[in-house]
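Peer 1: The letter at position 175 of the sequence shown is residue 197 when you use our numbering, and the numbering goes up by one with no holes. My questions will all concern the structure given below.
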Amino acid sequence: MQLWQQFLGQMVDSLRYATLASYAWEMPRLLFLIAGIPLLFLGRWLLVYRRRSKLGVAFVHGQVRRDWTAVLRFIPDVVLALSMAFGIVALARPQRTDERVVQSGEGIDIVLVLDVSGSMELGDLRPNRLEAAKRMAHEFVDGRSGDRLGLVVFAGDAYSLAPLTTDYELLRESIDGLKLGMIANDGTAIGTALGVATNRLRDSRSRTRVCILLSDGENTAGSLDPLTAARLAHAYGMKIYTIGLGQDGVVPFGTDGLGRTNYVNTRLDETTMREIAAAGEGQFFRATDNAALRQVFKRINRYEKSEIKQTRFRNTRDYYRIYLFWCVGLWLLWLGLKNTFLTNALED
């Protein structure tokens, strides 16, 4: 009983517009044949009308009364037309396809090493160097997919703020939380920062390990020489990109008590930054304004791409049988109606 109710439910559901609209059709052009069904009946009527014998009969003056039962003679034709329509729907092969996409491949392990020393407050990048670097790091994280990212911050000391992870929301929160003075010991310990990044990446199983160093000064703190740290990182298979932030010379630095802009003299040790990138088989970039910094991150994004493969599994299910049931059932009903009073035996 339950199976019969389920079958009837499917038969009724197959007639709903939403059901028909949800199908993909193997041969959708066949559906245009449904519009030709009325033409078949019209052609049949014309042939019968021409061959029909006519006998003149005189009627009394007045109108012949019409009876609603005369409409019943059209029922067999309607049933036959529906049977043909469902047959065409079945031939068009209604289908539904479930597609499942499986991504496989090897991501890249990347550690962002970001300078948060006092000099990152300088205003040659808007609103200052640190905020510009945070914004670009945010966009860089948004542009990655399937890669593990980590975050190391440094001033006079260096700390790992976020481990290698694919939890990009955690990384965004960590980047948003960066601020000047978060490391009490001020200075620029580039070598120490590279050492901390190497500790994060040395146990990585990824074939590609990348360190992106952003700094605006020269190495003034820490006990590890930057070039030695870069060579050590390369020995562990790390590629190092270095980004020099800001302009050399006199740049704006906050305001005084009267609201006037202060200026300080600053210089980037570009030679050391280039040597670090060369030792790590990477590349050095100079970002003197916000637009240049954005372009640097875009270039690194193009250089370091994950090899992600997509495998698509498609499961296609046919639904023509249910419309074939309608077609055969209505056709059998039409055959039955041909033997009733609804059919004119002299014409058929």
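Backbone N, C-alpha and C define an ideal beta-carbon position, used for all residues, glycine too.
1) Mark residue 340 as exposed unless 16 or more other C-beta atoms lie within 10 angstroms of its C-beta, in which case mark it buried.
2) Can you tell which of 66, 218, 61 has the C-alpha that lies nearest to the C-alpha of residue 246?
3) So, is residue 287 buried or exposed, given that buried needs 16 or more other C-beta atoms within 10 angstroms?
4) State yes or no: is the C-beta of residue 141 within less than 8 Å of the C-beta of residue 266?
5) Spell out the partners DSSP gives residue 133 in its beta bridges.
6) Give the single residue among 144, 158, 95, 106 whose Cα lies nearest to the Cα of residue 314.
7) List the DSSP bridge partners of residue 267.
8) Which residue's Cα is closest to the Cα of residue 104: 58, 173, 185, 146?
9) Would you tell me roughly how many angstroms separate the C-alpha atoms of residue 54 and residue 107, rounded to the nearest one?
10) Return the first residue and the last residue of the beta strand (DSSP E) that residue 181 is part of.
11) Per DSSP, residue 46 forms a beta bridge with which residues?
12) If I measure Cβ to Cβ from residue 202 and keep anything under 7 Å in the same chain, skipping five residues before and after, which residues do I get?
13) Since residue 284 is in the beta strand (DSSP E), which residue starts that stretch and which ends it?
14) Closer than 6 Å by C-beta to residue 101: which residues in its own chain qualify, once you throw out the five before and the five after it? Chain order, please.
15) Measure the CB-CB distance between residue 112 and residue 346 and report whether it falls below 8 Å.
16) What did DSSP end up calling residue 7 once you bin it into helix, strand or coil?
17) Given that a residue counts as buried once 16 or more other Cβ atoms are within 10 Å of its Cβ, and exposed if not, what is residue 96?
18) Looking at residue 187: is its Cβ nearer than 8 Å to the Cβ of residue 171?
19) Suppose you measure from the CA of residue 109 to the CA of residue 41; what does that come to, to the nearest Å?
20) Whose C-alpha, out of 99, 114, 180, is nearest the C-alpha of residue 50?
21) By the three-class DSSP mapping on this structure, what secondary structure does residue 272 have?
22) Check residue 56 in the structure and name its three-state DSSP category.
23) So does the region 248-265 actually touch the region 212-230, counting three or more Cβ pairs closer than 8 Å?
24) Any idea what DSSP makes of residue 150, helix, strand or coil?
25) Where does residue 340 fall in DSSP's three states?
26) Pick helix, strand or coil for residue 122, following the three-state DSSP scheme.
27) Short of 6 Å in beta carbon distance, which residues of its chain neighbour residue 146, apart from the five on each side in sequence? Order them along the chain.
Peer 2: Concretely, from the data shown:
1) The residue labelled residue 340 in the question sits at position 318 within the sequence shown. Exposed.
2) As a first step, residue 246 must be located in the sequence shown, where it is residue number 224. With distances taken between Cα atoms, residue 246 lies closest to 218.
3) As a working mapping, residue 287 is identified with position 265 in the sequence shown. With fewer than 16 other Cβ atoms within 10 Å, it is exposed.
4) Translated into the one-based positions of the sequence shown, residue 141 becomes position 119. Translated into the one-based positions of the sequence shown, residue 266 becomes position 244. With a cutoff of 8 Å on beta-carbon distance, residue 141 and residue 266 are scored as not near each other.
5) Within the sequence shown, the letter at position 111 stands for residue 133. Partner(s): 172, 233.
6) Looking up residue 314 in the sequence shown gives position 292. Of the residues 144, 158, 95, 106, the one whose Cα lies closest to the Cα of residue 314 is 158.
7) Reading the sequence shown from its first residue, position 245 is the one you call residue 267. Its beta-bridge partners are 309.
8) Counting from 1 along the sequence shown, the entry for residue 104 is found at position 82. Out of 58, 173, 185, 146, 58 has the C-alpha closest to the C-alpha of residue 104.
9) As a first step, residue 54 must be located in the sequence shown, where it is residue number 32. As a first step, residue 107 must be located in the sequence shown, where it is residue number 85. Taking the straight line from one Cα to the other gives about 10 Å.
10) Within the sequence shown, residue 181 is the residue found at index 159, counting from 1. Counting along the chain, residue 181 sits inside the beta strand (DSSP E) bounded by residues 180-187.
11) Here the question's residue 46 lines up with position 24 in the sequence shown. 117, per the DSSP bridge assignment.
12) Residue numbering aside, residue 202 sits at position 180 when the sequence shown is read from its first letter. Excluding its 5 nearest sequence neighbours in each direction, residue 202 has C-beta neighbours in its own chain below 7 Å: 138, 140, 142, 143, 152, listed in chain order.
13) As a first step, residue 284 is located in the sequence shown; it is residue number 262 there, counting from the start. Per DSSP, the continuous beta strand (DSSP E) segment holding residue 284 begins and ends at 283-288.
14) For the purposes of this step, residue 101 is taken as the residue at position 79 of the sequence shown. Cβ neighbours of residue 101 beyond the five flanking positions: 352, 355, 356.
15) Residue 112 sits at position 90 when you count from the first residue of the sequence shown. Residue 346 sits at position 324 when you count from the first residue of the sequence shown. Residue 346 sits close to residue 112, with the two beta carbons spaced by under 8 Å.
16) Within the shown structure, residues of the chain are numbered from 23 to 370, placing residue 7 beyond reach of any answer.
17) Residue 96 sits at position 74 when you count from the first residue of the sequence shown. When all chains shown are included, residue 96 counts as exposed.
18) Taking the sequence shown and counting its residues from 1, one reaches residue 187 at position 165. Taking the sequence shown and counting its residues from 1, one reaches residue 171 at position 149. Contact: yes.
19) Numbered from 1 along the sequence shown, position 87 holds the residue referred to as residue 109. Numbered from 1 along the sequence shown, position 19 holds the residue referred to as residue 41. Each residue's alpha carbon lies about 17 Å from the other.
20) Along the sequence shown, one-based indexing puts residue 50 at 28. The shortest C-alpha separation from residue 50 is found at 114.
21) In the sequence shown, the residue the question calls residue 272 occupies position 250. In this structure, residue 272 counts as strand in the three-state DSSP scheme.
22) Taking the sequence shown and counting its residues from 1, one reaches residue 56 at position 34. DSSP places residue 56 within a helical segment (H, G or I) once states are collapsed to three.
23) Output reads yes: the region 212-230 touches the region 248-265.
24) On the sequence shown, position 128 is the one that residue 150 refers to. Taken through DSSP and simplified to helix, strand or coil, residue 150 comes out as coil.
25) As a working note, residue 340 is residue 318 in the sequence shown. Strand at residue 340.
26) Stepping through the sequence shown from its first residue, residue 122 is reached at position 100. Of the three classes helix, strand and coil, the one that applies to residue 122 here is strand, per DSSP.
27) Here residue 146 refers to the residue found at position 124 of the sequence shown. Cβ neighbours of residue 146 beyond the five flanking positions: 268, 269, 273.
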